[in-house]
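> Protein chains in written order, with my numbering: chain B, 1 to 341; chain Z, 1001 to 1375.
I have a structure here, written as structure tokens, and I will follow up with some questions on it.
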Amino acid sequence: MTAYPDRSPDWPQVGLHVVTGKGGTGKSTVAAALALALATTGKNVLLCEVEGRQGIAKMFDVDPLPYEERRIAKGAPDESGRAGQVFALHIDPESALLEYLAMYYRLGRAGRALDRFGVIDFATTIAPGVRDVLLTGKVYEAVQRPRGGRKKDQVQYDAVVLDAPPTGRIGQFLNVNSELAGLAKVGPVKSQADNIMNLLRSPRTAVHLVTILEEMPVQETSDAVAELRAAGLPVGGVVVNLVRPQALSAASLAQVRDDAVDLTAITSQLTRAKVDVDAELVASLVDEGRDHAVRRQLEDEQRALVAAEDLPTYELPRLAAGIDRGALLELAQLLRQQGLA
Amino acid sequence: MPVLDVDALLDDRGTEIIVCCGSGGVGKTTTSAALALRAAERGRKVVVLTIDPARRLAQSMGIEKLDNTPRPVAGIEASGDGALDAMMLDMKRTFDEVVESQATPEKAKQILENPFYIALSSSFAGTQEYMAMEKLGQLHREALGQGTYDLIVVDTPPSRSALDFLDAPERLSSFLDGRLIRLLVAPARGPARLMTAGLSVVTNALGKILGGQMLRDVQTFVTALDTLFGSFRQRAEKTFALLQADGTAFIVVAAPEPDALREAAYFVDRLTDDDMPLAGLVINRASPSARTELSAEEAIAAADRLRAQDSSSLTAGLLQLHADRVRIVEREQRLRERFAASHPQVPTTVVPAMAGDVHDLDGLREIGRKLADEE
Ligand SMILES: Nc1ncnc2c1ncn2[C@@H]1O[C@H](COP(=O)(O)OP(=O)(O)OP(=O)(O)O)[C@@H](O)[C@H]1O
Ligand SMILES: Nc1ncnc2c1ncn2[C@@H]1O[C@H](COP(=O)(O)OP(=O)(O)O)[C@@H](O)[C@H]1O
Ligand SMILES: [Mg+2]
Ligand SMILES: [Mg+2]
């Protein structure tokens, strides 16, 4: 796998990697692969999810995660076979709120009363912005965790990767401050929001965008870049995911598209390769090749639009067998080779 | 697997509402628009309520301007009385209109200017679902009253989970007339006896979490909205009943991916539990099947042999692409079989992935043909 030496990482100063993108483009997959890639020897990396879907547990094939940091994997190994550790945390707003309240106030019986009156539900699902502050607040705590802090058994992280909400909601999610401004002008939630904002706007954060080479996701990516910049949030790289196999050269693609392939040559090559060949087989392979060439051309158009954003870009192939632990490690190695980690 | 007969569904005059649901990005909007177009061209008077169409699709349907009213779509090749109107949902405007239609002008103004209302109506995660239901209710009343439409096709918001569409309205309306709200309004209404010790603990905690200003905004909002509580709940209940009616058909859209199919399975189960009429499942964006039987293993072995001699061999490239395609199709097939094993009764139709985006009426017609299994 590591045929090429890994590039020196492009984001050494970043402690918080936020991964967003249009729904279904592979945010969770890329976030997991990035965490594995960042976990080099001696490093601890935390992978967080906030969408309440237990996507991490499904990807790593473990039991649903609690609101608690759990070691779930070794990082992607280096040439000597060594690696760091990846931990995972499933952040749900109810637990984050209760933890937050317990930290700042003594709750006692009131905790249960809050729940009975629907306060927890109100604060975490309906009160706009509050939910997001609670979620990002927990991530903030993990990133800023002081060395030798209060709790001895707490792990310190060299990097935190956040599998964030999709591009459609990312501005609102990260720009928690302005969303809250008109609502909670004072109070602990507000001051928490300010601290989070300082971290998010600093060079210690990078917001990476995952896209596939299709019109809507690419359009959403450039909209998100503009939105993030306007909000003063640091845009990281673009990860182009689910790229089709590059099995044909540009010249071959053109030949297939223009119906200029030499059918006799293909037939004799197939025979030489010990395939039981007839004219129908050759025609079918060429037809499939033509479908592919059409898609590749559309991909190239979108790739040019991605390039026009002038951001560091990384590409990951579509793995035909789907995603499991092994596939995530394979993607992690590819990210390392390209310098995302 | 039983087959979903889309044309029979569209031609049945008893079908009055079709709801397309599924998890985000699977093609709900595309499927709704394609079904609506096909129905119109087969003679139905159709309106399609889309939520978040891709820009070019909206342009080609003439609905890129959000004005919250259905507009005729140009370029329909309708037979008989067939016609198609389309609209894109403006959730804030729909919410505003509900408030305006239910409250006195002064009260409406008070509500519409309240900061909490503004945030709630434009960003609460469930508002879009709630307003989609509200708009569906409005269109249905209009269709019944004026005979403008005989079929309403609804797209659903790009939620995290397909179930949000069914749950969010209930959550919002139970919030709007729930205990917490009663509690928040109580001090404004006076009787101090309501303020037991337990209650003040709750308001205090809320104040701490949200800050005093926000709590006051919420209280003002809730007080102003007080008279509307009942009607909010009633409206939500009516629309819910509409969804259970015989004239409604749910179409669950899924991509041949584990997550999307899992969501689809939850949704199918939920529809069954809630007595909602499920028409069937659309598997959208299926990879086109291979055109020859050659196995993936044979193709890879042959490609390796050719590459040993010529690393840039075109034939080897074609073989590799074929192997890739076979593997993907096999994987999708396994996923579909798994779904069918647990839900053998669900009629299904499969729509292949087109080479490019679907962004005009021709593209929608093509999807429509695939949905109906024509050709
Ligand atoms: N490089 C890849 N090769 C093969 N399959 C992939 C790849 N990347 C993602 N997938 C698959 O695509 C699907 C969507 O990926 P994923 O769940 O990571 O997307 P997401 O952006 O997190 O989605 P959502 O918006 O629903 O959270 C999954 O089934 C995943 O296994
Ligand atoms: N069968 C298909 N073939 C090719 N592209 C498709 C197909 N179905 C949907 N698309 C494209 O996928 C994207 C997402 O579809 P959309 O209908 O907006 O999804 P949803 O409403 O479920 O979020 C659009 O760009 C659309 O053109
Ligand atoms: Mg995800
Ligand atoms: Mg949509």
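Positions of the beta carbon are idealized from the N, C-alpha and C atoms, including for glycine.
Computed from a prediction, not measured in an experiment: that's the story for all the values here.
#1: At 9 Å on the CB atoms, spell out the chain B contacts of Z/A1054, in chain order.
#2: Against chain A, with Cβ distances strictly below 8 Å, would B/A88 count as a contact?
#3: Starting from B/E315 and walking both ways along the beta strand (DSSP E), at which residues does that stretch end?
#4: Counting contacts by CB-CB distance shorter than 8 Å, is B/V50 in contact with chain Z?
#5: Give the list of continuous beta strand (DSSP E) stretches no shorter than 3 residues that lie fully inside the stretch 1254 to 1292 of chain Z.
#6: Would you grab the beta carbon distance between Z/E1041 and Z/S1079 for me? Rounded to a whole angstrom, and I think it's under 8 Å.
#7: Name the two residues that bound the continuous beta strand (DSSP E) containing B/E49.
#8: Taking the straight line between their C-alpha atoms, what separation do you get for Z/D1005 and Z/D1360?
#9: So the beta strand (DSSP E) B/Q85 belongs to, where does it begin and stop?
#10: Please list, in chain order, the chain B residues whose beta carbon lies closer than 8 Å to that of Z/S1313.
#11: Specify, as a first and last residue, the run of the alpha helix (DSSP H) that B/P217 falls within.
#12: Nearest chain B C-beta to Z/R1233 closer than 8 Å, yes or no?
#13: Thinking C-alpha only, which one of B/E49, B/V225, B/Q333 is nearest B/V160?
#14: Closer than 7 Å to a non-hydrogen atom of ligand 3 - does that hold for the CB of B/S28?
#15: Return the CA-CA distance between B/M1 and B/A76, expressed in angstroms with no decimal places.
#16: Quick test of your reading: Z/G1082 and Z/G1022, contact by CB under 8 Å. State the CB separation rounded to the nearest angstrom.
#17: Buried or exposed: where does B/S8 fall if 16 or more other Cβ atoms within 10 Å of its Cβ makes it buried?
#18: With a threshold of 7 Å (Cβ to nearest heavy atom), would B/D78 be considered close to ligand 4?
#19: Let me check one thing: in DSSP terms, what residues is Z/T1349 bridge-paired to?
#20: Verify the contact flag: B/D10, CB atom, against every heavy atom of ligand 4, threshold strictly below 7 Å.
#21: Which residues have a Cβ closer than 6 Å to any heavy atom of ligand 4, listed in chain order?
#22: Are the CB atoms of Z/I1051 and Z/T1156 nearer to each other than 8 Å?
#23: Name, going along the chain, the residues of the stretch 67 to 92 of chain B whose beta-carbon falls closer than 7 Å to a beta-carbon of chain Z.
#24: List the endpoints of the continuous alpha helix (DSSP H) containing Z/A1034.
#25: Is any non-hydrogen atom of ligand 2 found closer than 7 Å to the C-beta of Z/I1152, if you look at the structure I gave you?
#26: Taking a contact to mean a Cβ-Cβ separation below 8 Å, would you say Z/Q1320 touches Z/A1303 in this structure?
#27: Please return the same chain residues whose Cβ sits closer than 6 Å to the Cβ of Z/M1195, not counting the five positions on each side in sequence.
#28: Looking only at its own chain, which residues have a Cβ that is under 8 Å from the Cβ of Z/R1071, when we skip the five neighbours before and after it?
#29: Count the other C-beta atoms from every protein chain shown that fall within 10 angstroms of the C-beta of B/P12, then say buried if there are 16 or more, exposed otherwise.
#30: Could you give the DSSP three-state label for B/T20: helix, strand or coil?
#31: Indicate the three-state DSSP secondary structure (helix, strand or coil) for B/N175 in the structure shown.
#32: State yes or no: is the C-beta of B/G168 nearer than 7 Å to some heavy atom of ligand 3?
#33: Taking a contact to mean a Cβ-Cβ separation below 8 Å, would you say Z/T1349 touches Z/V1003 in this structure?
#34: So which residues on chain B does Z/I1328 lean against when the C-beta distance must stay under 7 Å?
This is what the structure gives:
#1: Counting from one through the second sequence, the residue named residue 1054 of chain Z turns up at place 54. E215, M216, Q219, listed in chain order.
#2: You won't find chain A in this structure, because its protein chains are B and Z.
#3: Sequence index remark: in the first sequence, residue 315 of chain B carries index 315 (1-based). That run of the beta strand (DSSP E) goes 313 to 317.
#4: Against the first sequence, residue 50 of chain B aligns to sequence position 50. Closer than 8 Å: no.
#5: 1278 to 1286
#6: Position 41 of the second sequence, counted from the start, is the residue given in the question as residue 1041 of chain Z. Position 79 of the second sequence, counted from the start, is the residue given in the question as residue 1079 of chain Z. That pair is a contact at about 6 Å.
#7: Residue numbering aside, residue 49 of chain B sits at position 49 when the first sequence is read from its first letter. First-last of the beta strand (DSSP E) with B/E49: 44 to 49.
#8: Start at 1 with the first residue of the second sequence, and residue 1005 of chain Z comes out as number 5. Start at 1 with the first residue of the second sequence, and residue 1360 of chain Z comes out as number 360. For Z/D1005 and Z/D1360, the distance between alpha carbons rounds to 24 Å.
#9: Position 85 of the first sequence, counting from 1, holds the residue named residue 85 of chain B. Here the beta strand (DSSP E) through B/Q85 covers 85 to 90.
#10: Counting from 1 along the second sequence, the entry for residue 1313 of chain Z is found at position 313. Those within 8 Å of Z/S1313 in chain B are Q269.
#11: Within the first sequence, the letter at position 217 stands for residue 217 of chain B. Unbroken alpha helix (DSSP H) run through B/P217: 215 to 230.
#12: Indexing the second sequence from 1 puts residue 1233 of chain Z at position 233. Z/R1233 does not count as touching chain B.
#13: In the first sequence, residue 160 of chain B corresponds to position 160, counting from 1. Ranking the options by Cα distance to B/V160, first place goes to B/E49.
#14: Position 28 of the first sequence, counted from the first residue, corresponds to residue 28 of chain B. Yes - ligand 3 has a heavy atom lying nearer than 7 Å to the Cβ of B/S28.
#15: Your numbering for residue 1 of chain B matches position 1 in the first sequence. Your numbering for residue 76 of chain B matches position 76 in the first sequence. Caution applies to B/M1, whose pLDDT of 44 falls short of 50 and renders its modelled position unreliable; the value that the coordinates give is listed next. Each residue's Cα considered, the two are about 11 Å apart.
#16: As a first step, residue 1082 of chain Z must be located in the second sequence, where it is residue number 82. As a first step, residue 1022 of chain Z must be located in the second sequence, where it is residue number 22. Incorrect: roughly 26 Å between the Cβ atoms, too far for contact.
#17: Position 8 of the first sequence, counting from 1, holds the residue named residue 8 of chain B. Exposed.
#18: The residue given as residue 78 of chain B occupies position 78 in the first sequence. False, no ligand heavy atom lies under 7 Å from that Cβ.
#19: Taking the first residue of the second sequence as position 1, residue 1349 of chain Z is located at position 349. DSSP, once it has assigned bridges, lists Z/V1282 as partnering Z/T1349.
#20: On the first sequence, position 10 is the one that residue 10 of chain B refers to. No, Cβ of B/D10 sits at least 7 Å from all heavy atoms of ligand 4.
#21: Z/K1028, Z/T1029, Z/I1051, Z/D1052, Z/D1155, Z/P1158
#22: For the purposes of this step, residue 1051 of chain Z is taken as the residue at position 51 of the second sequence. For the purposes of this step, residue 1156 of chain Z is taken as the residue at position 156 of the second sequence. Contact flag set, yes.
#23: none
#24: For this step, residue 1034 of chain Z is matched to residue 34 along the second sequence. Looking at the DSSP string, the run of the alpha helix (DSSP H) that includes Z/A1034 is 1028 to 1041.
#25: The sequence position of residue 1152 of chain Z within the second sequence is 152, counting from 1. No, the beta carbon of Z/I1152 sits no closer than 7 Å to any heavy atom of ligand 2.
#26: Stepping through the second sequence from its first residue, residue 1320 of chain Z is reached at position 320. Stepping through the second sequence from its first residue, residue 1303 of chain Z is reached at position 303. It is a contact, given that the beta carbons lie within the stated cut-off.
#27: By 1-based counting over the second sequence, the position of residue 1195 of chain Z is 195. Summary for Z/M1195: the model assigns pLDDT 47, below 50, so the residue's position carries little reliability; its value from the coordinates is reported in the next sentence. Excluding positions up to five away in sequence, the list is empty.
#28: Counting from 1 along the second sequence, the entry for residue 1071 of chain Z is found at position 71. Correct list, in chain order: G1062, I1063, D1085, A1086, M1087.
#29: As a first step, residue 12 of chain B must be located in the first sequence, where it is residue number 12. Answer is exposed; the Cβ neighbour count stays below 16.
#30: Taking the first sequence and counting its residues from 1, one reaches residue 20 of chain B at position 20. Note: B/T20 maps to strand in three-state DSSP.
#31: Looking up residue 175 of chain B in the first sequence gives position 175. Coil, per DSSP.
#32: Working through the first sequence from its first residue, we reach residue 168 of chain B at position 168. Incorrect: B/G168 has no Cβ contact closer than 7 Å to ligand 3.
#33: By 1-based counting over the second sequence, the position of residue 1349 of chain Z is 349. By 1-based counting over the second sequence, the position of residue 1003 of chain Z is 3. Their beta carbons are under 8 Å apart, which means Z/T1349 touches Z/V1003 by this criterion.
#34: Position 328 of the second sequence holds residue 1328 of chain Z. What Z/I1328 touches in chain B: A320.
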